[in-house]
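Here's the structure we're looking at; comments come further down.
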Amino acid sequence: MEQRDRLGLHETAPGEDEIGGRSLTHWGTAGGRWLVTRMVALARLVTAHGVLAVTAAVGLVLVLGLVLAAGGIYDAVEESDGIAGLDRPVLDRALAARSPDLDAALTVFTHLGGPLGMTVIAATITAAMVWRWRSRTPLVLMLITVAGSLTATVVGKNAVGRLRPPRVDAVPPFESSPSFPSGHALNSTAIAGMVAYLLLLHLQSRLARVLAVVLAGVWAVAIGLSRVFLGHHWLTDVMVGWVIGLAWLALVVTAHRLFLSVRRAPGTA
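Here the sequence shown stands for residues 6 to 274, numbered as in my numbering.
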C-alpha cells in the first residue's frame, strides 16, 4: 500500500490511474507505447517525478512555439483580410446587442475568468479536491497547468503586441495590456479542463463524467465570448486562447499519464 506524507496525503490516491474503468497507463497506439518505453528509460536516470517535470517542460516549449506560430499566422491573415475579417463584424453585432443590465452582469461574470478570479477559483477547488481525496495529484497538476497557461499568455501578448478594440467600443473598466491571445480564454480553458480531468479520475457515473466535461467547455466558451461581447478582445484573440489552452491541457494530461505509466515499470521510482 502506498505510503502517505506527513499531511496524510497520497502521492496518487486510489483510482487516480483510470477513468471509467479504463487505465490511463494503457496506450493504444504504437507511438504511445514507444513514448512510454523512452520515458521508462529516462526515469531510471531522473525518477518518475523527473519524467513528469521533463514532459511538462518540453510540452511548455511546444506550446510557446504554438503561441508564436499563431501570432505569425494572425499577422498573415490580417494582411489578407482572412479570419481576422470576422473581428469587426462580430464586435458590431455585440454593440447592437448590449444593454446596461446585460453589460453589468457580463462584467461581473468575465472577472471570474481573470487572473484574480481564476486564481481564487482554482485554489479553492484544488484545496477541496486535495482534502476530499487525500491526494497530492490535484495540487501538482493544477500548479503545472496554471504556471504553463500564465507563461503562454505573457509570452504571446509580449511577442505579438496586438492592440485591443477601441475603447469607444468597450465596456469599462478598460484594459491596456496587449490583446493577443486572450488570457481569460486561455487560462479558463486550461484550468476548467484540468478541473474536469481531475473529476473524471474519481467520478463513477458516466453521466457525471459527461456533465463535468460539458460544464468545463461551457465555462471556457462563455468566458471567451464575454470578452468579445464587452469589447475587451477581438474574436480571433479568444479563438487562439481556446486553442492554446486546449493544447496545454492535452500536454499536461499526457505528462500525467506518462508519470503513471513509468511508476508501474520495474526499476523506477
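Cβ coordinates follow ideal geometry from the N, Cα and C atoms, glycine included.
Would you report the Cα separation of residue i and residue j, rounded to the nearest angstrom?
i: ARG38; j: ALA164; result: 36 Å
i: ALA35; j: LEU91; result: 41 Å
i: THR30; j: ALA227; result: 33 Å
i: GLY166; j: PHE179; result: 17 Å
i: MET134; j: GLY26; result: 20 Å
i: VAL56; j: ALA48; result: 6 Å
i: ALA46; j: VAL59; result: 13 Å
i: ARG169; j: ASP106; result: 24 Å
i: ALA61; j: ALA101; result: 43 Å
i: SER184; j: HIS15; result: 41 Å
i: LEU220; j: LEU121; result: 21 Å
i: MET6; j: THR142; result: Its pLDDT being 41, under 50, MET6 is placed unreliably by the model, and nothing is read from it.
i: VAL66; j: ARG43; result: 19 Å
i: GLY229; j: ALA99; result: 13 Å
i: HIS54; j: LEU73; result: 29 Å
i: LEU144; j: GLY76; result: 32 Å
i: SER104; j: LEU203; result: 38 Å
i: ARG172; j: LEU251; result: 29 Å
i: VAL51; j: THR259; result: 18 Å
i: ALA270; j: VAL41; result: 10 Å
i: LEU212; j: SER28; result: 19 Å
Taking 7 Å as the threshold (C-beta atoms), are residue j and residue i in contact?
i: ALA195; j: TRP136; result: no
i: GLY64; j: LEU256; result: yes
i: ALA217; j: ALA201; result: yes
i: MET147; j: ALA132; result: no
i: GLY188; j: THR150; result: no
i: SER210; j: THR115; result: no
Find the nearest neighbour of residue i within the set the options, judged by alpha-carbon distance.
i: ASN192; options: GLY153, LEU205, LEU216 and ARG172; result: GLY153
i: ALA18; options: ALA127, ALA132, VAL51 and TRP138; result: TRP138
i: ASP108; options: PHE234, GLY188, THR42 and MET199; result: PHE234
i: GLU318; options: ALA75, ARG214, VAL173 and ALA74; result: Past the boundaries of the shown model lies residue 318; the chain is included only from 6 to 274, so the question cannot be answered.
i: LEU111; options: THR52, VAL51, PRO186 and PRO177; result: PRO177
i: LEU155; options: MET123, LEU144 and VAL145; result: MET123
i: MET199; options: VAL243, HIS261, LEU212 and MET244; result: HIS261
For chain C, is any of its Cβ atoms less than 7 Å away from the one on residue i?
i: TRP253; result: No chain C appears in the structure shown, which is made up of a single protein chain.
On the premise that residue j lies in contact with residue i, defined as a C-beta separation below 8 Å, what is that separation, rounded to the nearest angstrom?
i: GLY246; j: ALA190; result: 3 Å
i: VAL160; j: LEU69; result: 5 Å
i: SER182; j: LYS162; result: 6 Å
i: GLY33; j: LEU206; result: Incorrect: roughly 19 Å between the Cβ atoms, too far for contact.
i: PRO186; j: ILE249; result: 6 Å
With hydrogens ignored, establish whether the beta-carbon of residue i is closer than 6 Å to any heavy atom of the ligand NAP.
i: ALA18; result: Annotation note on the ligand NAP: not contained in the displayed structure, which lists no ligands.
**Message:** For the structure I just gave you, are there three or more beta carbon pairs, one from the stretch 224-242 and one from the stretch 254-271, closer than 8 Å?
**Reply:** no
**Message:** Within 8 Å, do at least three Cβ pairs link the stretch 227-240 to the stretch 92-106?
**Reply:** yes
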